[in-house]
Amino acid sequence: EALGPTEYTGIKMEVVKWSPEASAEIEGKVGGRKVFLVAATLRPETMYGQTNCFVGTAIKYGVYAINDEEAFVCTYRSARNMTFQGITAVRGQVQELVSIDGAKLVGTKIRAPFAINPEVYVLPMENVLATKGTGVVTSVPSDSPDDFQTTTDLRKKPEFYKIDAAWVAIDPVPVISTPTYGEMTAPAVVKQLKIQSQKDTKQLAEAKEIAYKEGFYNGTMLVGEFKGLPCKKRNRKSAHG
Ligand code: A2H
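First residue of the sequence shown? That's 270 in full-length UniProt numbering, and the numbers climb one at a time after it.
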């Protein structure tokens with residue numbers, strides 16, 4: 270496979286209510302801007318099934334001014350990359366309003382665009398990479414093995430992960446049907462490969478590969494504007510989902 274840039278779709282999830290820790294550090298410092306957590310995804314057609322969003326607890330994030338109206342929560346690296354995409358006033362110029370630890374973002378309530386459950390929570394995930402995408406991951410447990418396994422872990426041990434069980438209460442939502450695995454592709458693949466926790470990173474990589482191929486190439490949309498159509502069709506209609 271040729272090496273080239275990966276083209277992600279950025280999902281803007283508006284903050285509805287900050288966690289108390291984030292509120293203490295952020296409120297009053299954003300100049301009245303609307304603030305969005307921005308997640309990078311390769312599967313924008315699955316957004317109907319978002320049930321939460323993930324950050325890394327040991328990752329540093331910032332709130333970055335995009336213009337006078339909007340600010341994005343993401344890693345510094347991705348904020349800088351975005352300044353080269355024509356969405357800010359000056360190329361290469363990053364305006365950080367405040368920096369914040371990922372752990373403090375957990376418990377923030379956000380609005381997930383297109384989701385059947387429009388209000389969801391920010392939760393911790395161990396395998397978030399600071400160097401990929403924006404460092405913010407939107408969670409679709411029906412179709413992403415990583416997301417399914419992580420939400421399963423969180424549900425089993427909310428105290429251990431220092432979360433409120435209510436934040437992870439939304440069940441996976443069927444959005445895509447596949448011939449081999451039905452309406453819950455990721456849970457079925459996780460079960461097939463006998464994955465036990467988000468620490469099983471090798472098996473999860475394999476599960477991700479299987480679920481991705483099956484969903485993207487053989488899946489049919491169950492909801493939304495493209496209900497009844499093959500998932501891969503969305504690529505013909507628009508390269509950006
Ligand atoms: B995908 P690739 Cl439903 N750290 O979005 C870890 N994972 C990250 C990340 C980060 N910093 N940034 C993005 N990702 C995830 C949806 C999805 C994704 C589904 C199914 C498969 C899937 C919902 N989560 O990815 O290494 C994001 O999860 C399977 C490949 O660039 C993003 O797309 O190939 C994907 O990894 C990008 O991974």
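Ideal placement from N, C-alpha and C gives every residue a C-beta, glycine not left out.
Beta-carbon proximity list for residue i, same chain, < 6 Å, skipping 5 on both sides
i           : result
residue 264 : Lying before the first or after the last residue shown, residue 264 is absent from the chain, which here runs from 270 to 510.
SER507      : The predicted model places SER507 with a pLDDT of 48, which falls under 50 and marks its position as unreliable; any figure quoted below should be read in that light. Contacts found: none.
LYS373      : GLU290 and ALA291
ALA434      : PRO427
VAL492      : TYR317 and VAL444
Proximity below 7 Å, CB of residue i to CB of residue j
i           : j      : result
GLY273      : VAL444 : no
CYS343      : VAL391 : no
THR454      : GLU483 : yes
PHE305      : LYS286 : no
LEU462      : ASP415 : no
ALA309      : THR377 : no
VAL459      : PHE495 : no
GLU339      : ARG302 : yes
residue 235 : TYR330 : Lying outside 270 to 510, the shown extent of the chain, residue 235 is not represented and no answer is given.
ASN396      : PRO448 : no
THR320      : PRO456 : no
Terminal residues of the beta strand (DSSP E) in which residue i lies
i      : result
MET282 : 278-286
ARG360 : First-last for ARG360: undefined, no H or E at that position.
PRO289 : Looking at the DSSP string, PRO289 is not in any beta strand (DSSP E); the run it does join, the alpha helix (DSSP H), is 289-295.
Sequence-distant residues of its chain with Cβ nearer than 8 Å to residue i (five each side left out)
i           : result
ARG349      : GLY361 and VAL363
residue 212 : Nothing in the structure corresponds to residue 212, since the chain is present only between 270 and 510.
SER288      : LYS373, LEU374, VAL375, GLY376, THR377 and VAL391
ALA358      : ASN336
Cβ-based neighbour list, residue i, same chain, cut-off 7 Å, excluding 5 preceding and 5 following
i      : result
GLY510 : Only weak support is given to the placement of GLY510: the predicted model assigns it a pLDDT of 41, under 50, and the value that follows is read from those uncertain coordinates. Cβ within range, chain order: THR278, PRO313, GLU314 and ARG503.
TYR430 : PRO393 and LEU423
PRO387 : ARG380 and ALA381
ALA334 : ARG302, ALA340, GLN364 and LEU366
ALA327 : GLY371
For residue i, the first and last residue of its enclosing alpha helix (DSSP H)
i      : result
ASN350 : 345-351
VAL459 : 454-461
CYS481 : In the sequence as presented, Cys is not what sits at residue 481; that position holds Tyr. That run of the alpha helix (DSSP H) goes 470-487.
GLN418 : 414-425
Counterpart residues of residue i in DSSP-defined beta bridges
i           : result
ALA340      : VAL304 and ALA334
ASN321      : SER408
residue 230 : Missing from the structure shown is residue 230; the chain here goes from 270 to 510 and no further.
SER368      : GLY331
MET490      : ILE445
Three or more C-beta pairs below 8 Å linking the segment 364-380 and the segment 288-306: yes
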